[in-house]
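If you're matching positions, the sequence shown starts at 1 in UniProt numbering and goes up one per residue.
Backbone N, C-alpha and C define an ideal beta-carbon position, used for all residues, glycine too.
What follows is a short report on a single structure.
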Amino acid sequence: MIETFESREAMTEAAKTACLHALRAGVEERGAASCALSGGSTPVPLYEALSETEFDWDKVHVTLADERDAPDDTPARNDKLLREHLLKDYASAAKLTPMVGLDHLPDAFSPLDLIVLGMGDDGHTASLFPNSPGLKEALEGPADEVFKVTPDPLPPGAPYARLTLSRAGLLGARSILLLVTGEKKRAVLEEAMRAGQVEDMPVRAILHADGAPLRVLYAD
């Protein structure tokens, strides 16, 4: 189930190809495509590579899989990361919908053609944090709603509640990429792939979903 690459560069190239394929399918079918993307350092090379690629970016709607519920000028916001690393050069024409202030996804994101996810050392994905306030609602809630989950404990570097798509929202995408790098996270991933409580390692909600259109890409 885990696709292992010899280098992070090779993983980035494979992820870029997969993203463009998913977005192209949406454009060809509906005249527009949509995606929900994640923050963190792991997907940054992918976003840089996509920004340098010619595509019908003016037909692409972008939002977040999750976000820090923080003021617009907060450096920790994930949409700031997208503006810096994706929404420039060719991809500057893509249309960004920030997540802060949303309680439902706009119609432009139904269906979602693509979701790019990462995974934390604690087994969280998006902002589905282990055993945290709001997690139950996000695991059980409808696909089009945005949920608030408060990590417990709050990370010192980003002490904010989080906004996140629900399990149903994540699994409703036509294509899901989970990007994982480093030996430490490989061990976490392998643990999450074993049977266990979703609440303890919420990435299991994605990994163990029957029929999910999921690819797990890994590089050291």
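Separation of residue j from residue i, as counted between CA atoms
i       : j       : result
Gly-187 : Ala-10  : At residue 187 the sequence reads Ala, which differs from the Gly that was named. Approximately 21 Å, taken between the alpha carbons.
Ser-166 : Arg-215 : 19 Å
Ala-205 : Leu-128 : 9 Å
Ala-195 : Met-201 : 10 Å
Asp-121 : Pro-130 : 11 Å
Val-116 : Arg-68  : 17 Å
Leu-37  : Glu-190 : 23 Å
Asp-152 : Glu-13  : 35 Å
Ala-76  : Ala-70  : 8 Å
Thr-4   : Asp-220 : 9 Å
Asp-72  : Glu-145 : 21 Å
Thr-164 : Gly-134 : 10 Å
Leu-102 : Pro-43  : 23 Å
C-beta atoms of residue i and residue j nearer than 7 Å
i       : j       : result
Val-180 : Ala-192 : no
Asn-78  : Leu-87  : no
Arg-174 : Asp-107 : no
Thr-150 : Ala-158 : no
Val-62  : Ala-22  : no
Glu-28  : His-85  : no
Ala-33  : Trp-57  : no
Phe-147 : Glu-140 : no
Sequence-distant residues of its chain with Cβ nearer than 6 Å to residue i (five each side left out)
i       : result
Leu-81  : Gly-39
Ile-2   : Val-216 and Tyr-218
Ala-143 : Ala-168, Gly-169 and Gly-172
Distance cut-off 6 Å: residue i Cβ against heavy atoms of the ligand MN
i       : result
Asp-152 : With respect to the ligand MN, the structure offers nothing, as it holds no ligand at all.
Residue span of the alpha helix (DSSP H) that contains residue i, given as start and end
i       : result
Lys-136 : 135 to 140
Ser-51  : 44 to 51
Thr-17  : 8 to 30
Arg-83  : 78 to 85
Arg-186 : 183 to 192
First through last residue of the beta strand (DSSP E) which encompasses residue i
i       : result
Lys-59  : Looking at the DSSP string, Lys-59 is not in any beta strand (DSSP E), and its letter there is neither H nor E.
Ala-219 : 214 to 219
Three-state secondary structure assigned by DSSP to residue i
i       : result
Ser-92  : helix
Ala-126 : coil
Leu-102 : coil
Glu-203 : Before going on, a small fix: residue 203 reads as Val here, not Glu. Three-state DSSP puts Val-203 in coil, outside helix and strand.
Ala-70  : coil
Arg-167 : helix
Phe-147 : strand
Ala-108 : helix
7 Å CB neighbourhood of residue i in its chain, flanking five on each side removed
i       : result
Ala-212 : Leu-171, Ile-176 and Ile-206
Ser-7   : Ala-219
Glu-54  : Tyr-90
Neighbourhood of residue i by C-beta distance below 8 Å, restricted to the same chain and skipping five residues each side
i       : result
Gly-182 : Asp-220
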